[in-house]
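Worksheet: the structure to be examined is printed underneath.
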Amino acid sequence: MSSATESTPGASLEVEPLSIAGRSFRSRLILGTGKYEDFDTMAAALDASGTEIVTVALRRVNLDELGKGSLIDRIDPARYLLLPNTAGCSTAEEAIRTARLARELGGWEWVKLEVIGDPKTLFPDTQATLAAAKVLVAEGFVVLPYTNDDPIVARRLQDLGCPAVMPLAAPIGSGMGIRNRANLRIILEQATVPVVVDAGVGTASDAAIAMELGADAVLMNTAVAGARDPVRMARAMRLAIEAGWLARRAGRIPRRLYASASSPVDGLLE
Numbered sequence: 260m261s262s263a264t265e266s267t268p269g270a271s272l273e274v275e276p277l278s279i280a281g282r283s284f285r286s287r288l289i290l291g292t293g294k295y296e297d298f299d300t301m302a303a304a305l306d307a308s309g310t311e312i313v314t315v316a317l318r319r320v321n322l323d324e325l326g327k328g329s330l331i332d333r334i335d336p337a338r339y340l341l342l343p344n345t346a347g348c349s350t351a352e353e354a355i356r357t358a359r360l361a362r363e364l365g366g367w368e369w370v371k372l373e374v375i376g377d378p379k380t381l382f383p384d385t386q387a388t389l390a391a392a393k394v395l396v397a398e399g400f401v402v403l404p405y406t407n408d409d410p411i412v413a414r415r416l417q418d419l420g421c422p423a424v425m426p427l428a429a430p431i432g433s434g435m436g437i438r439n440r441a442n443l444r445i446i447l448e449q450a451t452v453p454v455v456v457d458a459g460v461g462t463a464s465d466a467a468i469a470m471e472l473g474a475d476a477v478l479m480n481t482a483v484a485g486a487r488d489p490v491r492m493a494r495a496m497r498l499a500i501e502a503g504w505l506a507r508r509a510g511r512i513p514r515r516l517y518a519s520a521s522s523p524v525d526g527l528l529e
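Just so we're aligned, residue 260 is where the sequence shown starts under my numbering, counting upward by one.
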């Protein structure tokens with residue numbers, strides 16, 4: 260759901276909250292927790308980013324170690340919504356089983372659904388994603404599905420009851436930025452739920468472009484965790500998300516082939 264409504268000039272200089280499944284979040288940046296050098300760097304980056312939703316790949320976490328200094332213990336539940344991720348699952352059955360285990364052991368109802376169809380590109384298996392989403396939504400999960408940039412698949416996931424859709428910008432961890440603006444614009448145009456651009460962001464300008472196109476939020480991991488200075492990059496991403504959101508609502512000038520003078524040329528002294 261692209262929140263592209265135009266505001267009256269100067270009505271508000273603050274970024275509006277993001278609303279998903281009845282919950283409101285001040286930040287429109289979602290961060291992952293993988294690939295950091297250590298937990299301290301991860302925690303500092305989360306803080307610098309201003310994020311309120313944090314994804315955790317369940318297959319990287321030993322749920323038996325909760326309360327014993329595990330990764331999840333470093334994520335304050337009073338500050339962040341933990342979004343378990345079914346990363347690494349290659350079938351609908353695996354993803355469903357992983358989500359059920361997360362709810363049983365951790366009580367988590369929200370899940371980022373990933374069903375990977377190709378190990379080299381990490382592109383999603385769309386048919387398996389749809390099948391898993393249907394089951395998990397019926398079981399009461401809040402399902403946020405990672406999908407390709409296919410407008411038809413995004414609409415079907417929305418129709419199944421997913422409260423947001425997460426089309427990729429580019430392959431996971433590639434850092435290439437948005438590769439298919441046309442498809443993303445169609446997804447945004449037809450969506451009635453929030454659209455979160457997920458995967459492929461490389462730097463702050465990529466995040467700003469996603470927001471300028473009308474995305475409701477951006478999810479990333481490698482772009483921050485893999486940066487030379489993850490904490491500074493997290494801060495940069497925070498500012499980029501805010502700048503892109505504001506620029507979208509400010510309304511850019513039209514592109515022109517030739518120059519347009521900023522100052523009037525009539526009445527100049529001869």
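All C-beta atoms, glycine included, are put in the ideal place defined by N, C-alpha and C.
Helix, strand or coil at residue i [DSSP, three-state]
i	result
ARG287	coil
ASN344	strand
ALA263	Residue confidence is low: ALA263 scores 44 on pLDDT, short of 50, so the model does not pin down where it sits. Its coordinate-derived value is still stated next. DSSP places ALA263 in coil when its eight states are reduced to three.
THR380	coil
TRP369	strand
THR314	strand
PRO404	strand
ARG507	helix
LEU427	strand
GLY281	coil
ASP457	strand
MET435	coil
VAL490	helix
Beta-carbon contacts of residue i that lie in its chain and below 8 Å, excluding the five residues immediately before and after
i	result
VAL396	VAL402, LEU419, GLY420 and CYS421
ALA390	ALA351
SER278	PHE284 and PRO453
LYS393	LEU419
Same chain only: Cβ atoms within 6 Å of residue i, ignoring 5 sequence neighbours per side
i	result
ILE431	LEU381 and ALA458
VAL490	ALA303, ALA304 and ALA307
VAL455	ALA423, MET425, ALA476 and LEU478
Supposed close pair residue i, residue j - CB separation, criterion 8 Å
i	j	result
MET470	VAL477	7 Å
GLY485	LYS294	6 Å
Cβ neighbours of residue i in the same chain (closer than 7 Å, five flanking residues each side left out)
i	result
GLU501	VAL274
Under 8 Å between C-beta atoms of residue i and residue j
i	j	result
GLN417	ALA463	no
LEU342	PHE298	no
ASP408	ILE446	yes
Check: Is it true that the stretch 272-282 meets the stretch 371-390, where meeting means three or more beta-carbon pairs spaced less than 8 Å apart?
Finding: no
Margin query: Taking contact to mean 3 or more Cβ pairs, one atom from each stretch, closer than 8 Å, check whether the stretch 397-404 and the stretch 437-445 are in contact.
Written below: no
Note to self: Contact between the stretch 487-497 and the stretch 505-512 is defined here as three or more beta-carbon pairs at a separation below 8 Å; is this criterion met?
What the structure shows: no
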